[in-house]
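**Q** The structure's right below; bear with me while I get my questions together.
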Amino acid sequence: MGARMLRKLLMLAVLAAVAGFAVYWFVTIPGTIPQSALAAYTPNVANGKTVFDAGGCASCHAVPKEDRTLLGGGMALPSPFGTFYAPNISPHPTNGIGNWTEAQFATAVLKGTSPSGEHYFPAFPYGSYHLAKLEDVRDLFAYIKTLPPLSGRSREHELPFPFNIRRNVGGWKLLFFADKPFVPDPKQSAAWNRGSYLVNGLGHCAECHSPRNPLGGIVSAQKFAGGPNPEGEGWVPNITQKRLGSWREKDIAYFLETGETPEGDTTGGIMTRVIKNMAQLSPEDRNAMAVYLKSLAPVDGPPRPPKKETRS
Amino acid sequence: MIRGIVIVGTLLLGVGVVAAQQDLVAQRATLMKANGKNLGTVLSATAKGDKPYDQAAIDAALNVLEDTAKKLPALYADSTKGLKSEGDFQASPKIWENKAGFAAEIDAFAKAVSDVKAKAKDLDSLKASLPAIGKQCGSCHEGFRVKT
């Protein structure tokens, strides 16, 4: 009996492995937006610039220390999983996105999938961007096309195994990527809905202002409650009413414009780059974000580690 | 005996020097806080419409900022490199690694303040000119301040 039984078991094991891999392969198929989903449309380039500013594209994709319209990439983005280097998204035909179709661009921003059909790492915040309206993304594409093409190529990401396997990002998406469009809340004002759209979608505030679990997913119960800086040292503040309770809507709007808190301190670090983007928006948009942020229920963030003792 | 006095004296001197450096660090924090207070509760509060426009108060606040710009360079003396401050923020080591860059930030701050001083004559001109100061605060904090 021994040999036959063993062969059967072996067959079963092989079948299970094949089935398991098939499931893995199936559930990690990168999502796309087909060309057929894009109806005829005349893009609004001016709105594209607003989308560009609201989305903070320049913060990572602009060449470090250069003008915000020079999207040659290269900025290093450290993370617990390795270091990412922002790619060139200028309209250069070979090293940028100059030869991309509109559907490929929409697929990248809304689905986190590259033109070659691979997953992007979620350092590219499609976890938030997928809430963007398709028209906004098409306008953004038209705006980026008006910017100067740059030929530089950024370095390869430095990621250790298994984080360097792009297919595995499909598993991450399965767990943490809620691929649902933005739905306005009819009970709220137009300003609140616009603010919610900007804060949750393009603004991708939650990407830094929320704690993350060990797999890098946002802890949804503590969204916006702050946490350790994903890019390195320090702490990202809680932006729920737990901490911003004393800020009025106009204080939040003024902060987004100037980087200045009601106490007169002026923000530093990576938030400085965010303020440069927000300062480009209309006062109405900043006010809408303030209205929405002011409505966030107070939530306790993760406990802050005790401060290190003074050392000389 | 004399040797003993010299040793003790040297030690005391050493303690005194270290204390003086730590004092510079404390002065920086005090100065920055005063700066922020003048910006937040006078200049920006007026721009936001929380306070009525008062030219004397605006000028006084701008004078504090101008004075700060003059005092700042000496407070970041080489001897204070590596000394830790109390509170949420620290001076970045980049201040001493990129001295020219840091000096340029302070110069730009001084220029922004004198620009606003020249231009702010009523609420509208304050609103239009003031953001340049905050922008400069942010520019220096971006590269030369560390949050702990």
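Just so you know, the protein sequences line up as chains A and B, in that order.
Heads up: the first sequence is residues 864 to 1175, going by the numbering used here.
Heads up: the second sequence is residues 10 to 157, going by the numbering used here.
Don't be surprised by glycine CBs; every beta carbon is placed ideally from N, CA and C.
Is it the case that the CB of A:LEU1022 approaches a heavy atom of the ligand MG more closely than 7 Å?
**A** Judged by which ligands are present, the structure shown has none, so any question about the ligand MG falls away.
**Q** Just grab the DSSP bridge partners of A:TYR948 for me.
**A** Here the question's residue 948 of chain A lines up with position 85 in the first sequence. Answer is A:ALA939.
**Q** Compute the distance between the beta-carbons of A:GLY1164 and A:GLY1089, then report whether it is under 8 Å.
**A** Along the first sequence, one-based indexing puts residue 1164 of chain A at 301. Along the first sequence, one-based indexing puts residue 1089 of chain A at 226. Going by C-beta atoms, A:GLY1164 is nearer than 8 Å to A:GLY1089.
**Q** Is it right to say A:ALA866 is buried, meaning 16 or more other beta carbons lie within 10 angstroms of its own, or is it exposed?
**A** Sequence index remark: in the first sequence, residue 866 of chain A carries index 3 (1-based). Per the 10 Å Cβ criterion, exposed.
**Q** Consider the Cβ of A:ASP916: report whether some Cβ of chain B lies at a distance smaller than 8 Å.
**A** Numbered from 1 along the first sequence, position 53 holds the residue referred to as residue 916 of chain A. Cβ-Cβ to chain B under 8 Å: no for A:ASP916.
**Q** Taking a Cβ distance cut-off of 8 Å, strictly less, list which residues of the stretch 1097-1113 of chain A are near chain B, in chain order.
**A** For the stretch 1097-1113 of chain A, which is checked against every Cβ of chain B, the residues closer than 8 Å are GLY1097, TRP1098, LYS1113.
**Q** Chain B beta carbons: is any one of them nearer than 8 Å to that of A:GLY945?
**A** Indexing the first sequence from 1 puts residue 945 of chain A at position 82. No, its Cβ sits nowhere closer than 8 Å to a Cβ of chain B.
**Q** Run down chain A in chain order and give the residues with a C-beta less than 7 Å from the C-beta of B:ARG154.
**A** Residue mapping note: residue 154 of chain B aligns to position 145 of the second sequence, counting from 1. The answer, in chain order, is GLY1131.
**Q** Kindly indicate the opening and closing residues of the beta strand (DSSP E) around B:GLN99.
**A** Translated into positions along the second sequence, residue 99 of chain B becomes position 90. Where B:GLN99 is concerned, the enclosing beta strand (DSSP E) stretches over 98-100.
**Q** Taking 7 Å as the limit between beta carbons, can you name the residues of its chain near B:GLN30, skipping five residues before and five after?
**A** Within the second sequence, the letter at position 21 stands for residue 30 of chain B. Closer than 7 Å at Cβ, skipping near neighbours: SER88, THR89, LEU92.
**Q** In whole angstroms, give me the CA-to-CA distance for B:PHE153 and A:TRP963.
**A** For the purposes of this step, residue 153 of chain B is identified with residue 144 of the second sequence, where counting begins at 1. For the purposes of this step, residue 963 of chain A is identified with residue 100 of the first sequence, where counting begins at 1. Those two C-alpha atoms are separated by around 39 Å.
**Q** Is the stretch 1119-1135 of chain A in contact with the stretch 1031-1040 of chain A, if contact means three or more CB pairs nearer than 8 Å?
**A** Flag = no, the stretch 1119-1135 of chain A and the stretch 1031-1040 of chain A do not touch.
**Q** Could I get the ranges of all uninterrupted alpha helix (DSSP H) runs contained in the stretch 1045-1117 of chain A, with 4 residues as the minimum, in chain order?
**A** Entirely contained in the stretch 1045-1117 of chain A, the alpha helix (DSSP H) runs reaching 4 residues are, in chain order, 1053-1059, 1104-1107.
**Q** For A:TYR992, which option in A:CYS1068, A:ALA1005, A:TYR948, A:ASP1048 has the closest C-alpha, if you only look at C-alpha atoms?
**A** Here residue 992 of chain A is taken as the residue at index 129 of the first sequence, counted from 1. The shortest C-alpha separation from A:TYR992 is found at A:CYS1068.
**Q** Counting only C-beta atoms, is B:PRO140 closer than 8 Å to chain A at any point?
**A** Within the second sequence, numbered from 1, the residue matching residue 140 of chain B stands at position 131. By this cut-off, B:PRO140 is an interface position.
**Q** Using a beta-carbon distance cut-off of less than 8 Å, what residues from the stretch 84-101 of chain B approach chain A?
**A** Within the stretch 84-101 of chain B, the qualifying residues are GLY91, LEU92, LYS93, GLU95, PHE98.
**Q** Within 10 Å of its beta-carbon, does A:VAL1046 have 16 or more other beta-carbons around it, so buried, or fewer, so exposed?
**A** What you label residue 1046 of chain A is simply residue 183 of the first sequence in a count that begins at 1. The residue in question, A:VAL1046, is exposed, as its Cβ has fewer than 16 Cβ neighbours within 10 Å.
**Q** Whole angstroms is fine: what's the gap from B:LYS103's alpha carbon to A:PHE984's?
**A** For the purposes of this step, residue 103 of chain B is taken as the residue at position 94 of the second sequence. For the purposes of this step, residue 984 of chain A is taken as the residue at position 121 of the first sequence. Cα to Cα, B:LYS103 sits roughly 31 Å from A:PHE984.
**Q** Apply the 10 Å Cβ neighbour rule to A:GLY883 and answer buried if 16 or more other Cβ atoms are within range, or exposed otherwise.
**A** Taking the first residue of the first sequence as position 1, residue 883 of chain A is located at position 20. The residue is exposed, with fewer than 16 neighbouring Cβ atoms inside 10 Å.
**Q** With a threshold of 8 Å, are at least 3 pairs of Cβ atoms found where one atom belongs to the stretch 1130-1137 of chain A and the other to the stretch 1149-1160 of chain A?
**A** The answer is no - the stretch 1149-1160 of chain A does not touch the stretch 1130-1137 of chain A, with fewer than three Cβ pairs under 8 Å.
**Q** When Cβ atoms are compared, which residues of the stretch 30-52 of chain B fall closer than 9 Å to chain A?
**A** Answer in chain order: GLN31, MET41, LYS42, ASN44, GLY45, LYS46, ASN47, LEU48, GLY49, THR50, VAL51, LEU52.
**Q** Taking C-beta pairs closer than 8 Å, name the residues in chain B that A:ASP1128 reaches, listed in chain order.
**A** Working through the first sequence from its first residue, we reach residue 1128 of chain A at position 265. Neighbours of A:ASP1128 on chain B, chain order: GLY45, GLY49.
**Q** Given that B:GLY143 touches chain A, what residues does it touch there, using C-beta distances under 8 Å?
**A** Counted from its first residue, the second sequence places residue 143 of chain B at position 134. In chain order: THR1121, GLY1122, GLU1123, THR1129.
**Q** Can you grab the Cα-Cα spacing for the pair A:THR1173 / A:ARG931, in whole Å?
**A** Looking up residue 1173 of chain A in the first sequence gives position 310. Looking up residue 931 of chain A in the first sequence gives position 68. Only weak support exists for where A:THR1173 lies, its pLDDT of 41 falling under 50; the value from the coordinates is given anyway. Their Cα atoms are separated by approximately 38 Å.
**Q** Short of 7 Å Cβ to Cβ, which residues in the stretch 52-76 of chain B face chain A?
**A** So the list reads SER53, LYS57, given in the order they occur along the chain.
**Q** Cutting at 8 Å between CB atoms, please list the residues of its own chain near B:SER101, excluding the five before and the five after it.
**A** Residue numbering aside, residue 101 of chain B sits at position 92 when the second sequence is read from its first letter. Contacts found: GLY152, PHE153, ARG154, VAL155.
**Q** Taking Cβ positions, are A:GLY1010 and A:ALA995 nearer each other than 8 Å?
**A** Position 147 of the first sequence holds residue 1010 of chain A. Position 132 of the first sequence holds residue 995 of chain A. Gly is not the amino acid found at residue 1010 of chain A; the sequence shown has Leu there. Not in contact: A:LEU1010 and A:ALA995 (Cβ atoms no closer than 8 Å).
**Q** For the stretch 105-122 of chain B, which residues have a beta carbon sitting closer than 8 Å to at least one beta carbon of chain A?
**A** Going along the stretch 105-122 of chain B in chain order, one finds no residue with a Cβ nearer than 8 Å to chain A.
**Q** Between A:ILE1138 and chain B, is the shortest Cβ-Cβ distance under 8 Å, so that the two count as touching?
**A** By one-based count along the first sequence, residue 1138 of chain A stands at place 275. With 8 Å as the cut-off, A:ILE1138 counts as an interface residue toward chain B.
**Q** Using 8 Å as the threshold, is the stretch 135-146 of chain B in touch with the stretch 108-125 of chain B, meaning 3 or more CB pairs across them?
**A** Contact holds: three or more Cβ-Cβ distances are below 8 Å.
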